[in-house]
Amino acid sequence: MYIFLDIDGVLVKEDDPESDGLPIDLEEDFVKFDPVCLGKFEAVIRQSETCKIVISSSWREIFSLKTIKNLFSPDVAEKVVGMTPMATRPVKYYRYYEITSYLESNKLSQEDWVAIDDIPEHFPKDTPLVITNPYIGFDSKAAENLKNHLTPHHHPPAADETPSFNLAMTEDLVMVITAEGQIFVRPDKKTAERVVEDGEVIENEMIFTLKSGKIYKLFFNDNDLEIK
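Each residue of the sequence shown is one higher than the one before, starting from 4 at the first, in my numbering.
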């Protein structure tokens, strides 16, 4: 899993409008992360052994990768593997464009990824995204959201695939496979229908039966199961 990390509004909170006019020490305040936001972010990262971090922030226009990595704890810094390229032409979703350009140029287009950013307008709809409030930064809500993205999810077999089973199927035996990969074995179709009615099978269930030595998939038709 690749994490494309923005910094401003994520690990560096935007100035509270009420603080306008207060003195700012650039050396002390500019090149550092908010310790609370950083702590919550790093706590999530440490729970994933395989995630990699790519800097997508505008900070990459000012600071080197080494400088940015040094702002993280050493163990998390090891997971920071690069920075996205900068868009060379105007594009609507420029942050998304830079991320996909990085993936394509590194032959990673098939890899899972998530972006962390405080500006959702930089991304098209349905982008895997953790949005932060720029005045709050990376908080507990963002941490939980990122955890969900980093948690491996089991994908059921595609609809046109016939799964292999490590048990002998007998005539009229019905197997119900849920979207989470759970398998319910039932003796007949009526029982399988009852399983569905009782809510034991969730959306995208797959139901198979054995007829005359062949495995058939069952489909719902007006609340009845029929073989196809």
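The C-beta atom is built at its ideal place from N, Cα and C for all residues, glycine as well.
Could you give the C-beta distance for residue i and residue j, rounded to a whole number, given that I count them as a contact under 8 Å?
i	j	result
Tyr5	Val57	6 Å
Asp11	Ser60	6 Å
On a Cα-Cα basis, can you pick out the residue from the options that is closest to residue i?
i	options	result
Leu149	Ile139, Pro131, Tyr138, Pro38	Pro131
Asp233	Ser108, Trp62, Arg98, Thr53	Not covered by the structure: residue 233. The range shown for the chain is 4 to 231.
Glu146	Glu107, Thr70, Cys40	Checking the sequence, you will find Ala at residue 146 rather than Glu. Cα-wise, what sits closest to Ala146 is Cys40.
Pro77	Ser104, Ile139, Leu106, Glu45	Glu45
His152	Ala118, Ser104, Ile71, Ser67	Ala118
Pro38	Ile139, Pro155, Lys144, Thr154	Ile139
Glu124	Ser67, Arg98, Gln113	Arg98
Leu68	Lys144, Leu8, Asp129, Thr154	Leu8
Pro155	Gln50, Lys43, Thr135, Gly42	Gln50
Do residue i and residue j have their C-beta atoms closer together than 8 Å?
i	j	result
Ile102	Thr87	yes
Val13	Asp142	no
Met55	Lys82	The sequence as given places Lys at residue 55; Met does not occur at that position. Yes. Within cutoff.
Leu74	Lys35	yes
Val84	Ile48	no
Phe126	Tyr96	yes
Met89	Glu64	yes
Based on the DSSP secondary-structure assignment, which residues constitute the bridge partners of residue i?
i	result
Tyr5	Lys55, Trp116
Asp11	Val15
Leu132	Ala118
Met86	Ile58
Gly140	Asn136
Does residue i come within less than 8 Å of chain E when only Cβ atoms are used?
i	result
Val47	Here chain E cannot be found, since the structure has a single protein chain.
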